[in-house]
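Q: When we follow this note's numbering, the leftmost residue of the sequence shown carries the number 999, and every step to the right adds one. Beta carbons are placed, not taken as given, at the ideal position from N, Cα and C, and that holds for glycine. Mind looking over this structure? Questions follow.
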Amino acid sequence: MSGDKVRVRFAPSPTGYLHVGGLRTALYNYLFARHNKGKFILRIEDTDRARYVEGAVENLINTLKWSGLEYDEGPDIGGDYGPYFQSERLEFYKKYADELIEKGAAYYCFCTPEELEKMREEQISKKLPPKYDGRCRHLTPEEVQQKLNSGIPHVVRLKMPDDRTIFFNDLIRGEVSFQSNLIDDQILLKSDGYPTYHLANVIDDHFMGITHVIRGEEWLPSTPKHIVLYEALGWKIPEFAHLPLLLNSDRSKLSKRQGDVAVEDYRKHGYLPEALLNFVALLGWNPGNEQEIFSKEELIELFSLDRVNKAGAVFDINKLKWMNAQYMKKLSDDELFNFVLPYLEEKLRVFDDIEKTKKMVLAVKDGLQIAEDIIPATDIFFKDTFDIKAQEALDILKKDISIKVLTALRDKINEIDTIDKDVFIKVMKEVSKQTGAKRADLWMPVRIALTGVTHGPEITAVVEIFGKEKCLSQINSILENLI
């Protein structure tokens, strides 16, 4: 493959948020371009005005930049093949729709919505697949001109060839074929003068020099229509690669009904872009080894379409959380603190002393999978009391040795002015000597009394953040219920 000629595009519609499936499509295009020293283009397919959402373009661009997917040409940075908004390219579509009509590859259709609905109902009643029956194909040139002169609303439809098997080689699926008689005469130009996806994307891909069309599996049935368009216009057909579906754990199509599907949702929850990209890269692509954590540079080096699977890929949220935790562990203390601080500030979970807040974050960092976890993880520092629910913890506290340890600890803390990590370790040694308690018998009741759980942050750090009064309050509260 001649690397300097590769040109791929990500062409979302501004109809809302960026779906994680869209992010994977963008990522695979990006990786393919970078691996082959080619160009990655962002094009906004905004010709469906009924579904256009205000602010969606800005959200798309912002999300791609947050994800680290830098494009070489696009609506906000320009390039030699613009404009990069389809709504700014309308004269292209009208011109080539007219050319297709002149060549006999397309035709005017004057059918009303009511006629089309009646046609559909009759076909369904006869157990036939609903499709346009081609009645306007057979209008004479005079009839067509008369209707045009009369100003009757119309669309332009593609004239699919009869009795033809359309073959193409999909870079992921191998040879694919479709019977033309089963394919609808697709609308190319709507009555409002705007093109449908099919006409616009073929024209734009041609004039933007797109060499490889890498897109979702849902576009596979549209490919024979696009091939017919390329042939009718005498243009070179790009290579096609159709990516597998993303699936829920029950193998249904990934949808908002079963959880988050928008990239911005994962961003809000506190996933790192590097982790999300790493996870999404493995949804359908197999690196050929057991490695799971990849830098973007490693993904670029290893990526190829021949390692993309045909079968749907299950979106395992627990795997994503695990992967994000691995990336969070790589952050420096300062990076981690700055990452989670906005979540703490939003919930008023900060101290007047910023260093104390930072100590709190570092005390609980090992239990974090996403930034949002910082809220429940820091509950103990902001609640005056808590209920201990785990039976194991309650059973430990009821032991005689536990009551002795907590009583001795309370008395020792009462005798000191302030408490920090070093003072606390010294006090615990004295409690051990006084009660004879060692290891778990010594430390576990203290952990449970102060945090309510048997596993959690480093207890010395908890004590230092609590300070003397809060430590005494917690221990007294426990002892009151035990004695």
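So if DSSP puts G1149 in a beta bridge, which residue, or which two residues, is it bridged to?
A: By one-based count along the sequence shown, residue 1149 stands at place 151. Answer is none; G1149 lacks a bridge partner.
Q: On the premise that F1038 lies in contact with T1023, defined as a C-beta separation below 8 Å, what is that separation, rounded to the nearest angstrom?
A: Taking the sequence shown and counting its residues from 1, the one referred to as residue 1023 is at position 25. Taking the sequence shown and counting its residues from 1, the one referred to as residue 1038 is at position 40. The pair is not a contact, with the Cβ atoms about 12 Å apart (cut-off 8 Å).
Q: Near I1235, what residues of its chain come up, given a Cβ to Cβ distance below 7 Å and the 5 sequence neighbours on each side ignored?
A: As a position in the sequence shown, residue 1235 is number 237, starting the count at 1. Contacts found: I1225, Y1228.
Q: On the CB-based measure, 16 or more other CB atoms within 10 Å of its CB, does G1310 come out buried or exposed?
A: Here residue 1310 refers to the residue found at position 312 when the sequence shown is read from its first residue. With 16 or more Cβ atoms within 10 Å of its Cβ, G1310 is classed as buried.
Q: Where does N1307 fall in DSSP's three states?
A: The residue you call residue 1307 lines up with position 309 of the sequence shown. The answer is coil: DSSP assigns N1307 none of H, G, I, E or B.
Q: Beta-carbon separation of L1025 and A1279 under 8 Å?
A: Within the sequence shown, residue 1025 is the residue found at index 27, counting from 1. Within the sequence shown, residue 1279 is the residue found at index 281, counting from 1. Yes, Cβ-Cβ distance for L1025 and A1279 is below 8 Å.
Q: Just how far apart, CA to CA, sit R1445 and D1258?
A: Your numbering for residue 1445 matches position 447 in the sequence shown. Your numbering for residue 1258 matches position 260 in the sequence shown. The straight-line gap from Cα to Cα measures roughly 36 Å.
Q: Using only the alpha-carbon positions, how far apart do D1415 and E1370 sit?
A: By one-based count along the sequence shown, residue 1415 stands at place 417. By one-based count along the sequence shown, residue 1370 stands at place 372. Going by the C-alpha atoms only, they are around 35 Å apart.
Q: Sorted by chain position, which residues of the same chain lie with C-beta nearer than 7 Å to T1163's C-beta, five sequence neighbours on each side aside?
A: What you label residue 1163 is simply residue 165 of the sequence shown in a count that begins at 1. Only S1175, Q1177 meet the Cβ criterion.
Q: What residue ranges within the region 1271-1357 form continuous alpha helix (DSSP H) runs of no fewer than 4 residues, ordered along the chain?
A: Within the region 1271-1357, the complete alpha helix (DSSP H) runs of at least 4 residues are 1271-1279, 1294-1300, 1315-1327, 1331-1344.
Q: I'd like to know whether the C-beta atoms of F1083 and D1044 end up nearer to each other than 8 Å.
A: The sequence position of residue 1083 within the sequence shown is 85, counting from 1. The sequence position of residue 1044 within the sequence shown is 46, counting from 1. Closer than 8 Å, so yes.
Q: For K1363, is the classification buried or exposed, using 16 other Cβ atoms within 10 angstroms of its Cβ as the cut-off for buried?
A: As a first step, residue 1363 is located in the sequence shown; it is residue number 365 there, counting from the start. K1363 is buried by the Cβ-count criterion.
Q: Here's a check: name, in chain order, each residue in its chain whose Cβ is nearer than 8 Å to the Cβ of G1001, leaving out the five neighbours to either side.
A: The residue given as residue 1001 occupies position 3 in the sequence shown. For G1001, the pLDDT reaches just 43, beneath the cut-off of 50, and the residue's location in the model is therefore unreliable, although a value from the coordinates is still provided. Closer than 8 Å at the Cβ level, and outside the excluded window around G1001, lie N1034, K1035, G1036.
Q: If we ignore side chains and look at the alpha-carbon of each, how far apart do N1246 and I1170 end up?
A: For the purposes of this step, residue 1246 is taken as the residue at position 248 of the sequence shown. For the purposes of this step, residue 1170 is taken as the residue at position 172 of the sequence shown. The alpha-carbon atoms of N1246 and I1170 are separated by roughly 22 Å.
Q: Rounded C-beta distance between E1462 and D1409? I'm assuming under 8 Å.
A: Against the sequence shown, residue 1462 aligns to sequence position 464. Against the sequence shown, residue 1409 aligns to sequence position 411. E1462 to D1409, Cβ: 20 Å. No contact.
Q: Does the structure place the region 1270-1285 close enough to the region 1084-1100 that three or more beta carbon pairs sit under 8 Å?
A: The region 1084-1100 vs the region 1270-1285: no contact.
Q: At which residues does the alpha helix (DSSP H) containing K1093 begin and terminate?
A: Taking the sequence shown and counting its residues from 1, the one referred to as residue 1093 is at position 95. Where K1093 is concerned, the enclosing alpha helix (DSSP H) stretches over 1088-1100.
Q: By alpha-carbon positions, which one of K1145, V1004, L1392, G1214 ends up nearest to L1252?
A: Reading the sequence shown from its first residue, position 254 is the one you call residue 1252. Among K1145, V1004, L1392, G1214, the Cα nearest to that of L1252 is on G1214.
Q: On the premise that I1208 lies in contact with R1005, defined as a C-beta separation below 8 Å, what is that separation, rounded to the nearest angstrom?
A: For this step, residue 1005 is matched to residue 7 along the sequence shown. For this step, residue 1208 is matched to residue 210 along the sequence shown. That pair is a contact at about 5 Å.
Q: Below 8 Å, how does it come out for the region 1056-1065 and the region 1345-1357: are there three or more Cβ pairs, yes or no?
A: Cβ pair count under 8 Å is below three, so no.
Q: Hey, L1366 and A1323 are a contact pair by Cβ (cut 8 Å); roughly how many whole angstroms apart?
A: Position 368 of the sequence shown, counted from the start, is the residue given in the question as residue 1366. Position 325 of the sequence shown, counted from the start, is the residue given in the question as residue 1323. The pair is a contact, with the Cβ atoms about 7 Å apart (cut-off 8 Å).
Q: Specify, as a first and last residue, the run of the alpha helix (DSSP H) that C1469 falls within.
A: Residue 1469 sits at position 471 when you count from the first residue of the sequence shown. C1469 -> alpha helix (DSSP H) spans 1457-1480.
Q: What residue from M1442, G1020, K1356, E1467 has the CA that sits closest to S1065's CA?
A: On the sequence shown, position 67 is the one that residue 1065 refers to. Closest by alpha carbon: G1020.
Q: E1290: beta carbon under 7 Å from a heavy atom of the ligand PLP?
A: Looking for the ligand PLP in the displayed structure turns up nothing, as the structure carries no ligands at all.
Q: Could you tell me which of I1185, L1040, A1406 sits nearest to I1212, measuring between CA atoms?
A: Position 214 of the sequence shown, counting from 1, holds the residue named residue 1212. Comparing Cα positions, the closest option is L1040.
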